[in-house]
Structure formats: structure tokens, C-alpha cells
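Chemist: As they're listed, the protein sequences go chains F and X. Counting in my numbering, the first sequence runs from 1 upward without gaps. Counting in my numbering, the second sequence runs from 670 upward without gaps. Don't be surprised by glycine CBs; every beta carbon is placed ideally from N, CA and C. Model, not experiment: these values are computed from the prediction. Input: one structure, supplied below.
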Amino acid sequence: MQSHESHAWLWWIPLLPLIGSAIAGALHLATLRARKNDPSAAAPGTLAPWIACAAMAAAFGLSVKGFFTLQELAPSARQLASTVHHWISVNYPARGEFAVDLSLLLDPLSSTMTLVVTGVGFLIHVYAAGYMKGDPGYGKFFAYLNLFVFAMLMLVLSSSLLGVFIGWEGVGLCSFLLIGFWYEKGWPAEAAQKAFVMNRVGDACFLIGSFLLVRLFGTLDMATIAGAIGRGPVELEPDVQLQVSLAALFLFGGACGKSAQFPLFTWLPDAMAGPTPVSALIHAATMVTSGIYLIVRLNPLFASSGWVLPVIGVVGALTALIGGSTALVQRDIKKVLAYSTVSQLGYMFLALGTGAWAAAVFHLVTHAFFKALLFLGAGSVIHGMHEEQDMHKMGGLRKYMPQTFVTFLAGSAALSGLPLMSGFFSKDEILAHAFAGGGLYWGLWIVGVLTAALTAYYTWRMVALTFFGEERFDRHHVHPHESPAVMTVPLMVLAVLSVVGGVLGLPPVLHAPHLLAEWLEPVTRDGSRILAERAGEHELSHTLEWILLGLGAAIALAFAHTGFHAHKRGTAQDETLTARRPALAAWLADAWTIDTTYKRVILLPLRLVSFVVAVVVDQFAIDGTVNGIGASARDVAQWTRRSATGSLAGYAMWMGAGAVVISLVWMWS
Amino acid sequence: MNVPSEHLLYLSAGLFALGLLGFLVRRNVIVVLMCVELMLNAANLAFLAASRQHSTAEHPALQGPVFAIFVITVAAAEAAVGLALVIALYRLKQSAETDAAAEMKG
Numbered sequence: 001m002q003s004h005e006s007h008a009w010l011w012w013i014p015l016l017p018l019i020g021s022a023i024a025g026a027l028h029l030a031t032l033r034a035r036k037n038d039p040s041a042a043a044p045g046t047l048a049p050w051i052a053c054a055a056m057a058a059a060f061g062l063s064v065k066g067f068f069t070l071q072e073l074a075p076s077a078r079q080l081a082s083t084v085h086h087w088i089s090v091n092y093p094a095r096g097e098f099a100v101d102l103s104l105l106l107d108p109l110s111s112t113m114t115l116v117v118t119g120v121g122f123l124i125h126v127y128a129a130g131y132m133k134g135d136p137g138y139g140k141f142f143a144y145l146n147l148f149v150f151a152m153l154m155l156v157l158s159s160s161l162l163g164v165f166i167g168w169e170g171v172g173l174c175s176f177l178l179i180g181f182w183y184e185k186g187w188p189a190e191a192a193q194k195a196f197v198m199n200r201v202g203d204a205c206f207l208i209g210s211f212l213l214v215r216l217f218g219t220l221d222m223a224t225i226a227g228a229i230g231r232g233p234v235e236l237e238p239d240v241q242l243q244v245s246l247a248a249l250f251l252f253g254g255a256c257g258k259s260a261q262f263p264l265f266t267w268l269p270d271a272m273a274g275p276t277p278v279s280a281l282i283h284a285a286t287m288v289t290s291g292i293y294l295i296v297r298l299n300p301l302f303a304s305s306g307w308v309l310p311v312i313g314v315v316g317a318l319t320a321l322i323g324g325s326t327a328l329v330q331r332d333i334k335k336v337l338a339y340s341t342v343s344q345l346g347y348m349f350l351a352l353g354t355g356a357w358a359a360a361v362f363h364l365v366t367h368a369f370f371k372a373l374l375f376l377g378a379g380s381v382i383h384g385m386h387e388e389q390d391m392h393k394m395g396g397l398r399k400y401m402p403q404t405f406v407t408f409l410a411g412s413a414a415l416s417g418l419p420l421m422s423g424f425f426s427k428d429e430i431l432a433h434a435f436a437g438g439g440l441y442w443g444l445w446i447v448g449v450l451t452a453a454l455t456a457y458y459t460w461r462m463v464a465l466t467f468f469g470e471e472r473f474d475r476h477h478v479h480p481h482e483s484p485a486v487m488t489v490p491l492m493v494l495a496v497l498s499v500v501g502g503v504l505g506l507p508p509v510l511h512a513p514h515l516l517a518e519w520l521e522p523v524t525r526d527g528s529r530i531l532a533e534r535a536g537e538h539e540l541s542h543t544l545e546w547i548l549l550g551l552g553a554a555i556a557l558a559f560a561h562t563g564f565h566a567h568k569r570g571t572a573q574d575e576t577l578t579a580r581r582p583a584l585a586a587w588l589a590d591a592w593t594i595d596t597t598y599k600r601v602i603l604l605p606l607r608l609v610s611f612v613v614a615v616v617v618d619q620f621a622i623d624g625t626v627n628g629i630g631a632s633a634r635d636v637a638q639w640t641r642r643s644a645t646g647s648l649a650g651y652a653m654w655m656g657a658g659a660v661v662i663s664l665v666w667m668w669s
Numbered sequence: 670m671n672v673p674s675e676h677l678l679y680l681s682a683g684l685f686a687l688g689l690l691g692f693l694v695r696r697n698v699i700v701v702l703m704c705v706e707l708m709l710n711a712a713n714l715a716f717l718a719a720s721r722q723h724s725t726a727e728h729p730a731l732q733g734p735v736f737a738i739f740v741i742t743v744a745a746a747e748a749a750v751g752l753a754l755v756i757a758l759y760r761l762k763q764s765a766e767t768d769a770a771a772e773m774k775g
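Take a look at the structure:
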């Protein structure tokens with residue numbers, strides 16, 4: 001990659017949230033100090049959201065500037081780079097230099113991600129200013145939130161895998177801190193730990209993948225790696241092919257952890273223990289998409305990886321199905337959305353598995369809009385219901401919170417893929433790519449269509465249970481109310497984006513340009529070319545595309561209708577399922593018992609081994625040895641202490657005897 | 670009269686044995702200290718006897734007398750410290766017997 005001129009201002013995009021985080025944290029500490037003696041003292045921490053939102057707005061402004069700067073350039077030259085520091089430089093006499101720079105790269109892909117992170121992030125910050133009001137950790141919350149945005153921006157802007165890894169770990173840390181934000185309650189702390197530990201599994205895979213890439217290419221610069229594969233021969237030597245496949249597989253393993261894919265997805269539903277804006281920002285819109293970003297960023301590597309791509313597709317489809325079916329029976333509104341997120345992320349991986357890089361990013365962007373909207377809407381409901389999350393204790397809320405209701409409808413329509421909504425186009429594009437893939441992908445297409453049906457069903461079940469039907473809450477104690485404007489205005493903005501977001505990627509049959517695919521073309525070109533040369537082009541006829549579009553629309557409408565009408569009367573439908581098929585309901589509610597399986601297969605043996613190590617090895621063997629040495633020393637001393645009689649004459653006699661012995665020895669030798 | 674040096678050594682050994690015997694069997698600390706003095710003087714006598722044995726008219730062996738003077742000096746200091754300890758012991762235990770200070774018994 002040639003760096004013509006340095007664009008040092010790029011650094012301000014991640015640095016502004018970092019500065020905001022530091023200031024918000026300092027304000028929080030000042031609050032703590034002020035409140036230590038006088039609990040009613042003025043809290044400087046209430047200024048924190050202003051700082052944090054201002055940092056986000058400024059970062060968003062710079063991201064927009066970056067977008068327009070890129071747009072003025074020729075498509076193939078759309079790269080802005082800034083290197084401030086040659087971080088690591090090691091010279092191996094045999095293999096040449098290994099160097100890692102601290103550098104940022106803004107290209108169409110990272111620009112898209114930056115806009116989503118700062119744009120949606122800004123709206124969520126504004127919303128959180130209302131949602132978290134009155135929380136004792138107000139300032140701390142915004143410090144963490146801004147720190148998260150910093151790490152996320154480092155993740156998407158870094159030009160080297162090491163920089164990505166810094167951001168990768170940073171977002172993991174902030175996710176941990178924010179899931180466990182209300183750690184006093186106990187279970188959020190456990191959920192935070194679970195998320196952290198499960199992510200470690202993925203992170204280890206990420207590192208191994210990076211090491212393999214260093215071995216193969218001698219660098220961690222992603223543009224260099226992608227370029228080297230893009231320029232190389234399409235058919236690789238068998239041993240190189242194996243290494244490329246392994247590197248891709250391990251990086252995908254890393255993506256599985258961060259992006260909550262089977263089998264590492266079970267931390268995400270638990271992560272709902274965090275405050276709702278956190279769920280919207282980290283566990284729906286941004287952090288969980290970093291795995292998709294990573295794969296798109298290295299698309300030539302994955303295109304050349306052979307059998308890894310179908311694996312990604314299968315894992316994605318399986319995750320989509322598990323998430324979608326589990327969301328059917330959840331009663332907690334945030335759990336529905338969490339499993340829905342797992343499911344939609346599965347769609348994105350399904351897209352990556354078919355080599356539809358742009359479709360994956362398209363769904364990533366629309367999903368960021370509508371899932372952030374749905375989470376924030378759910379947060380508004382929870383807020384209005386005095387922290388109630390069980391949908392069976394809601395119902396009929398549409399007349400109490402009209403703005404939340406209308407925006408929630410927009411988000412639901414987009415998620416369930418109702419025609420012309422953003423989710424409709426992005427989901428349809430993924431399914432069309434899977435359909436065109438043929439063979440194995442045919443099966444994935446069927447799973448995808450099935451999941452789309454499930455998605456429509458559970459989404460409208462959620463809407464019906466929450467906003468329609470009789471009021472199932474205790475009207476004497478719960479007085480549902482609409483949230484303040486600081487919360488509803490971000491909802492409205494996101495609702496508009498969820499509805500019209502589809503214009504970014506209209507299907508080819510409409511004879512409109514696919515804006516996002518064209519924008520990303522410089523990034524995805526090599527990967528798509530390699531795939532086309534390896535597997536051949538798959539073009540769908542326009543008739544077939546129309547049929548698929550129609551099928552998608554019909555399925556979405558039919559199942560949305562069924563889901564809505566089955567549940568608008570109340571909880572009867574859920575109770576019928578539990579009564580008639582208790583085993584099925586329990587199995588679905590437990591997310592296909594994957595967590596239970598982990599407990600049985602990993603946790604139980606681990607506890608057993610720990611017990612053996614703790615009791616047999618530690619207490620018996622190690623403690624026994626140490627205690628035995630002590631005891632034997634004590635026994636020897638018990639025997640020798642008898643010689644210390646305390647009598648002066650006795651000591652003198654021993655002394656004299658010793659002197660005699662020494663003299664004798666001396667005289668004889 | 671020319672006494673052979675061996676006889677002086679016999680005398681020295683006898684004095685030392687007497688001192689040692691007293692040191693071992695007597696309980697009064699003052700007597701014990703006196704026995705120590707006796708053993709030190711037996712050693713002095715042995716020094717002088719050996720010195721006498723090795724001296725000639727031209728080359729007197731002076732190491733023996735010098736050593737004896739050192740020993741006398743140290744013995745004086747030892748007597749001072751020892752008697753001070755005896756007084757301290759007496760103040761503590763109202764007794765000058767060695768058994769009174771047998772507290773470090775194992």
C-alpha cells in the first residue's frame with residue numbers, strides 16, 4: 001500500500017472518544033469525592049453525557065469528512081493512511097524484516113464502519129443520557145461507553161492485524177465492564193465474566209490465525225496480506241493452501257467468539273444483563289459485527305481458503321436457525337432481541353460463506369439501524385414499565401407510549417423483512433446469493449428462508465405481546481409512561497434509517513445502483529475475482545430474482561401476520577405450546593440446550609479435575625510433603641532438645657569433651 | 670637448681686585439672702569464676718614453660734611471656750565482666766548458684 005500523504009487528522013476520530021472517556025471518568029471520580037461526605041452534593045458527573053455526546057458528534061463529523069474526502073478520489077485510490085509510529089521492527093537475518101506500524105487506514109470499508117459506529121453510537125449516547133439519568137454511576141457509564149467507541153474505532157481503522165487486536169481486546173474489556181455495570185446485583189457480574197471468558201476462546205483463535213499469517217506473509221499489515229493474495233496465483237500450492245485455510249479458519253474462530261456464532265454464542269444472551277443502551281450499542285450494532293468486518297477486510301484470504309468458506313456458511317446458517325428458533329419462546333423482551341441478534345449475525349456469516357461480502361456489510365449496516373432501534377425501544381418500554389422485562393407482564397402499551405410504539409413498529413418491520421423495509425433488501429440479497437451458490441448453499445438457502453419465517457413470527461409476537469392485547473401489569477403499582485424526548489428523538493432518527501436504509505443496496509432487478517456494493521468494490525474486488533475464478537460466476541436470471549423477492553415478501557408477511565394474530569390476545573398461545581409440547585418448549589427456551597451441554601461436557605469434567613487437583617494433588621501430595629518436612633524437623637528437635645539441660649556444668653563437660661576429642665584428633669593426624 | 674621444663678608442664682596440667690574439676694562440680698558462680706582463673710593461670714604456666722624450653726642465651730623465645738601477659742589482661746577483663754554478671758544474677762534470682770540460671774533448659 002502506498003502512502004502518498006499522511007492524514008494525521010484520522011487519529012482524531014478514535015482519540016476524541018478517548019479524551020471524552022478520560023474527562024467523563026474524571027468527572028465521575030469528582031462526583032464520588034464530593035458525595036463521600038455529603039450525599040446531596042452537586043455531582044459533576046451529570047456533565048459527563050454532554051462531554052461524551054460532544055466527543056461522539058465530533059467523531060461523527062470527522063467520519064463524514066473522511067467519507068466525502070474518499071468520495072472525491074478515484075475509486076481505486078480511495079485510501080487515506082496515517083502512520084505515526086514505527087511500533088515494532090525486528091530484523092531476522094534469514095527471513096527479512098518484521099515490522100508493525102501504528103497506523104490507521106480509511107478506505108470505503110472502514111469508512112462505512114466508522115460512520116455506523118459513530119453515527120449510531122452518537123444516537124445511543126444521546127438516548128443513554130436520558131436512560132441512565134439518576135444512576136449513581138452516570139459518569140462512569142459514559143466513560144466506559146466512550147472508551148468502547150475508542151476501541152471499536154481502533155478496531156475498524158487500524159491497518160494492521162495487531163492494531164485490530166488492540167481494538168478487539170479493548171471492545172472486549174469495555175463489553176465486560178458494561179455488562180457488569182450493575183455488578184452489585186450479582187448476576188450481571190457473572191454474565192460479564194462469562195462473556196469475557198468465552199471471548200478469550202475466540203481471541204486465542206484470532207492470535208493463532210495472526211501468527212499463521214505472519215508465517216505466511218511476514219507481515220501483519222492487512223492491505224499487504226490482501227494484496228499479496230490478490231496478486232498471487234488463484235490456485236495455490238497444496239501446503240500453502242493448507243496454511244491459508246488454517247489461518248482463515250482460526251481467524252473465523254476469532255470472529256465466532258466476538259460475533260457470537262455457534263458454538264460460542266451463549267455469552268450474548270447473558271450479556272443482556274447490562275444496561276439497555278449497552279445492549280444496543282455493543283451487543284447489536286457495533287462490537288458483535290467486528291467478526292464480519294474482519295472477514296470482509298481480509299476477503300481475498302477467505303476467498304482463497306477453499307473449504308473454510310462453506311464452513312462459515314454452515315456455521316452462519318446454523319446460528320441463524322438456533323437464534324431464530326430460540327427467540328420464539330423467550331419471555332424477556334431483551335432476550336428475544338438478543339437471540340434475534342445472534343440469528344441476524346448468523347445471516348451475515350451465511351452471506352460471507354457465499355462470498356457475498358457487500359451483502360454481509362449491507363445487512364450489518366441495516367441491522368445496526370433496526371436492531372439498535374429495537375433495543376432502544378425495548379429500553380424505553382422497560383424504562384416506562386419500571387424495569388419490567390417480562391413481556392407476559394406487559395400488553396396494551398401502545399396507548400401509553402405512542403412514540404415508542406410507532407418507532408418500534410418500524411424496527412420490527414425492518415427486522416422481519418416486510419417489503420421495502422431495509423431488512424427486506426439486505427436479507428433478500430443474502431438469500432439470493434445463497435440460492436445462486438447451488439449445491440450445499442441450496443441447503444443453506446432453505447435454512448435461511450426458514451429462519452426468515454421464524455424471524456417474522458417472533459418479531460410480531462414480541463410486538464403483539466408488548467403493545468397489544470390486555471394490560472397484564474399491576475395497574476395500581478405500574479404506571480406506564482412515554483420516555484422523555486432525549487430518548488424518543490434518537491428512536492425516530494433510527495426509525496427513519498431503518499425504513500429507508502434499503503436504498504443503500506437495491507436489488508439489480510430494480511435497475512437501481514447497489515450503492516453500498518459499488519462503494520465497497522475496491523475492497524471486495526480481489527476476493528470476488530478469486531471466488532469467480534475458482535468457482536465460476538453465479539448469475540440469477542431476473543425472473544428468478546423476482547420470484548425470490550416475492551417469496552421473501554410473502555413469507556415475511558405471512559409469518560408476521562400469523563405471529564401477530566396468534567399473540568395479540570395475550571399469553572394463551574405461549575401457554576398452549578408449553579402445555580402441549582413441554583419438552584420442545586424447554587429445549588427451545590434453553591437455546592437448544594447448548595449452555596447445558598457446555599455445563600455437562602466442559603464444566604463438569606473441569607470441576608472434577610479441579611477437585612482432584614485441589615484435594616488429591618494439592619492437599620495430599622504437596623501439602624503432605626511440606627507438612628511432612630515440618631513434622632520430621634519437629635520430631636528430630638523433640639529428641640535433641642534433651643541435650644539442653646540448662647546446667648552450666650553439663651555444658652562445660654560437653655565443651656571439655658569436645659576439646660579433648662579435637663586435641664586427640666589433632667595429635668594423631 | 671635447675672628444674673626441668675617437663676615438671677612445670679606437669680604442674681600446669683595439675684592446676685588445669687583442678688580448675689576444670691572445680692568448674693564442673695561447684696555450683697557457686699564465684700567459685701566457678703575462680704576455677705576459670707585457675708585454668709587460665711595453668712595455661713600461662715604452660716606458655717612460660719614452653720618458652721623457657723625453647724630459649725637459648727642468644728635467642729630468647731619471647732612469645733610465651735607476651736602471650737601470658739595478654740592472657741592476664743584478658744583474665745582481668747573477664748573477671749570484671751564475670752563479677753558484674755554475678756551481681757546481676759544475684760539481683761535477679763537472689764542467688765549466686767549456677768542452677769538458678771538454668772532457664773534455657775530444652
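Between F/THR625 and chain X, is the shortest Cβ-Cβ distance under 8 Å, so that the two count as touching?
Modeler: Judged by the 8 Å Cβ criterion, F/THR625 is not in contact with chain X.
Chemist: List the DSSP bridge partners of F/THR83.
Modeler: In DSSP, F/THR83 forms a bridge with F/SER103.
Chemist: Give the residues of chain F in contact with X/VAL750, contact being defined as C-beta atoms less than 7 Å apart.
Modeler: The premise fails here: X/VAL750 is roughly 16 Å from chain F at the closest Cβ pair, so nothing lies under 7 Å.
Chemist: Cβ atoms of F/ALA52 and F/LEU145: under 8 Å apart, would you say?
Modeler: Yes, they are a contact pair.
Chemist: Would you check if the region 214 to 224 of chain F and the region 251 to 268 of chain F touch, i.e. whether three or more CB-CB distances between them fall below 8 Å?
Modeler: Flag = no, the region 251 to 268 of chain F and the region 214 to 224 of chain F do not touch.
Chemist: Nearest CA to the CA of F/GLU429: which residue from F/ARG398, F/ALA327, F/ASP526 and F/LEU551?
Modeler: Comparing Cα-Cα distances from F/GLU429 to each of F/ARG398, F/ALA327, F/ASP526 and F/LEU551, the minimum goes to F/LEU551.
Chemist: Extract the residue ranges of the alpha helix (DSSP H) inside the region 377 to 445 of chain F, only unbroken runs of 4 or more that lie entirely within it.
Modeler: Listed in chain order, they are 402 to 416 and 422 to 437.
Chemist: What residues in its chain sit with their C-beta under 7 Å from that of X/VAL701, if we drop five residues either side in the sequence?
Modeler: Contacts found: PHE692, ARG695 and THR767.
Chemist: Considering only the beta carbon of each residue, do F/LEU10 and F/SER82 sit closer than 8 Å?
Modeler: Against a cut-off of 8 Å, the Cβ pair of F/SER82 and F/LEU10 comes out as a contact.
Chemist: Rounded to a whole number of angstroms, what is the C-alpha to C-alpha distance between F/ALA57 and F/ALA284?
Modeler: Their Cα atoms are separated by approximately 20 Å.
Chemist: Beta-carbon of F/LEU664 versus every beta-carbon of chain X: anything under 8 Å?
Modeler: False, the Cβ-Cβ gap to chain X never drops below 8 Å.
Chemist: Between which two residues does the alpha helix (DSSP H) harbouring F/TYR293 extend?
Modeler: Counting along the chain, the alpha helix (DSSP H) containing F/TYR293 begins and ends at 290 to 297.
Chemist: So the alpha helix (DSSP H) F/GLN619 belongs to, where does it begin and stop?
Modeler: Where F/GLN619 is concerned, there is no enclosing alpha helix (DSSP H), given that its DSSP letter is neither H nor E.
Chemist: Which residues, in chain order, does the region 672 to 698 of chain X contribute to contact with chain F at a C-beta distance below 9 Å?
Modeler: Correct list: LEU689, PHE692, LEU693, VAL694, ARG695, ARG696 and VAL698.
Chemist: Applying the criterion that 16 or more other CB atoms from any shown protein chain within 10 Å of the CB defines a buried residue, is F/GLU533 buried or exposed?
Modeler: Exposed.
Chemist: Quick one: grab the DSSP three-state call for F/GLY96.
Modeler: It is a strand residue.
Chemist: Quick one, which of F/LEU454, F/ILE166, F/VAL509 and F/LEU420 has its alpha-carbon nearest F/THR543's?
Modeler: Per the Cα distances, F/VAL509.
Chemist: For the alpha helix (DSSP H) containing F/THR319, name the first residue and the last one.
Modeler: It spans 308 to 327 - the alpha helix (DSSP H) in which F/THR319 sits, taken as one unbroken run.
Chemist: Can you check DSSP and say which residues form a bridge with X/GLU766?
Modeler: Answer is X/ASN697, bridged to X/GLU766.
Chemist: For F/ALA247, I'd like the list of residues in its chain whose CB is within less than 6 Å of its CB, leaving aside the five on either flank, ordered along the chain.
Modeler: Same-chain partners within the cutoff: GLY209, LEU212 and LEU213.
Chemist: Identify, in the order they occur along the chain, each residue of the same chain with its Cβ nearer than 6 Å to the Cβ of F/GLY316, setting aside the five sequence neighbours on each side.
Modeler: Counting only Cβ-Cβ distances below 6 Å, and skipping sequence neighbours, we find GLY346, PHE349, LEU350 and GLY353.
Chemist: Which chain X residues sit within Cβ distance under 8 Å of F/GLY656?
Modeler: Here the neighbours are LEU689 and LEU693.
Chemist: Taking the straight line between their C-alpha atoms, what separation do you get for X/PRO734 and X/PHE716?
Modeler: Cα to Cα, X/PRO734 sits roughly 7 Å from X/PHE716.
Chemist: Keeping to the same chain, check which residues put their C-beta closer than 7 Å to that of F/LYS194; ignore five residues upstream and five downstream.
Modeler: If we look at F/LYS194 and ignore the five residues flanking it on each side, its Cβ neighbours are TRP267 and ASP270.
Chemist: At the 8 Å Cβ level, is X/ALA715 part of the contact set with chain B, yes or no?
Modeler: As a matter of chain content, chain B is missing from the structure shown, whose protein chains are F and X.
Chemist: Tell me, please, which residues DSSP counts as bridged to F/SER304.
Modeler: Paired residue(s): none; F/SER304 is not in a bridge.
Chemist: Chain F beta carbons: is any one of them nearer than 8 Å to that of X/LYS774?
Modeler: Chain F, which has a Cβ nearer than 8 Å to the Cβ of X/LYS774, makes this yes.
Chemist: Report the residue ranges of all beta strand (DSSP E) runs contained in full by the region 530 to 584 of chain F; include only those spanning at least 3 residues, in chain order.
Modeler: You should have found no qualifying run.
Chemist: With distance defined between alpha-carbon atoms, name the residue in F/ILE594, F/ALA30 and F/ALA24 nearest to F/THR326.
Modeler: Selected option, being the one with the closest Cα: F/ILE594.
Chemist: If distances are taken between C-alpha atoms only, which option among F/SER290, F/LEU374 and F/THR46 comes closest to F/LEU109?
Modeler: Out of F/SER290, F/LEU374 and F/THR46, F/SER290 has the C-alpha closest to the C-alpha of F/LEU109.
Chemist: Can you name, in chain order, every residue of its own chain whose Cβ lies under 8 Å from the Cβ of F/VAL660, other than the five neighbours on each side?
Modeler: So no residue of the chain qualifies.
Chemist: Identify the continuous alpha helix (DSSP H) that holds F/PHE349 and give its terminal residues.
Modeler: That run of the alpha helix (DSSP H) goes 333 to 353.
Chemist: Does any residue of chain X bring its CB to less than 8 Å from the CB of F/MET667?
Modeler: F/MET667 does not count as touching chain X.
Chemist: On the three-state DSSP scale, how would you describe X/VAL672?
Modeler: Of the three classes helix, strand and coil, the one that applies to X/VAL672 here is coil, per DSSP.
Chemist: Starting from the N-terminal side, write out each stretch of the alpha helix (DSSP H) that is 4 residues or longer and does not extend beyond the region 148 to 207 of chain F.
Modeler: You should have 161 to 179.
Chemist: Would you say F/PRO480 and F/LEU397 are within 8 Å of each other, going by their C-beta atoms?
Modeler: The answer is yes: Cβ separation under 8 Å.
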